[in-house]
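To keep things clear, I will list the structure first and then write my remarks on it.
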Amino acid sequence: MATPKVKFVGTRTENEKGISLDVLAFTGEPGKPTAEVRFHFAGSEEDGWAEGEMGVSATGREDYKVVSRLVRRLIGGKNGLGRNGTPDAITPAFLGLRFKRLRATQMVEDPRVGGDLVAVAGLEPEGIVFHDDPTGTDREEPAVGVMAENREDARMEIVHKLADEQMFDYLAEWIAQGRAVTEEDRGEAPDATPFAEMIRLGDEDEDESEDESE
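The working numbering applies: residue 402 is where the sequence shown begins, and numbers increase by one.
Set out below in C-alpha cells:
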C-alpha cells in the first residue's frame, strides 16, 4: 500500500497579544481525513517562536494507530532529535523542514467554493463562482460551490462534488430539476502565503539547511 500523502493548512494570526500560528496536518481527502495532528505556536518579533504544542484526535485503536504513524512521519528523523527520538523543541522551522522532506501539500480554505480546502499550488487566482440551485428540490440552500469558466463546466463539477460527498438523493433531485446553477461575482482568492514565509518573524532567517532523513 502506498504511503498516504501528507497535507497541511497553516493559519497565522497577529493581534495586540502577539503572533500565533496554527497548523493542521492530515492524511486522507480534505473533509474526510484519516488522521489529523494539530500544532500551535506563539511568538513575537522580539522573542521569536516559543516551543509548540501538539495535539492529536483518535476515536479508537485503529484510528490511534493511523494518527501515531502520522506523528512519527512529522517529527521523526535523525537530525535535531532528542534522546527519546523526538525533537528537543517542535518549532515552525523544524515543522517546515519536515513538510519539505515529506513533500507535503500546503492547502488553503477557499471561501469562493464554500470553504473547501484547495492546494495552494493549484489555487485559481480568479474565476466565476457557481452554486447548485436547489429550487424544486427538498433543500432550501445550495449544497456546493465550484469555480468554472461556464455553466456547463460548472454543472459537471457540481455533479462530481455531490457524488464525492455521497449526496446521491439530492443529486438525483437536482438533475431531475434540470441541473440549475446560479452565478456569482468573481471573488478574491484567499491568502496563499507559502509556509516558509508564514513562519518568518521580522527579518529573522528561518532557513535551516540541515539535511534530515525519515
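Note that CB positions come from ideal geometry on N, CA and C, so glycine has one too.
In the DSSP assignment, K408 falls within the beta strand (DSSP E) that extends over K408 to N416. With fewer than three CB-CB distances shorter than 8 Å, the region 591 to 600 does not count as touching the region 548 to 564.
For E566, the closest C-alpha among the options Y465, P431 and V509 is that of P431. Taking C-beta separations shorter than 7 Å and ignoring five residues to either side along the sequence, the partners of G515 in its chain run V545 and G546, following chain order. With respect to the 7 Å criterion, S421 and A443 are classified as neighbours on the basis of their beta carbons.
S469 is the residue among G449, S469, W450 and T412 whose C-alpha sits nearest the C-alpha of V438. With fewer than 16 other Cβ atoms from the protein chains shown falling within 10 Å of its own Cβ, P526 counts as exposed. A573 carries a helical assignment under DSSP once its states are collapsed to helix, strand and coil.
By the neighbour-count criterion, in which a residue is buried when 16 or more other Cβ atoms sit within 10 angstroms of its Cβ, K433 is exposed.
Burial state of R499 is buried, judged by a 10 Å Cβ sphere holding 16 or more other Cβ atoms. Comparing alpha carbon positions, the residue from D539, R462 and A436 closest to Y571 is D539.
Between the alpha carbons of V519 and F427 lies a distance of about 14 Å.
Closest in C-alpha terms to A490, from the list E446, G477 and R502, comes G477. If you draw a 10 Å sphere on the C-beta of D586, you find fewer than 16 other C-beta atoms in it, and that means exposed.
According to DSSP, H561 shares a beta bridge with no other residue. Residue state for E463 is assigned as helix, using DSSP reduced to three classes.
Take T506, set aside five residues on each side of it, and the residues of its chain with a beta-carbon closer than 6 Å to its own are K408 and A520, in chain order. Bounds of the alpha helix (DSSP H) holding L498 are P493 to L503. Just measuring C-alpha positions, the residue of S445, M548, I600 and A573 sitting nearest G523 is M548. Rounded to the nearest angstrom, the Cβ distance from R513 to V530 is 5 Å, consistent with a contact under 8 Å.
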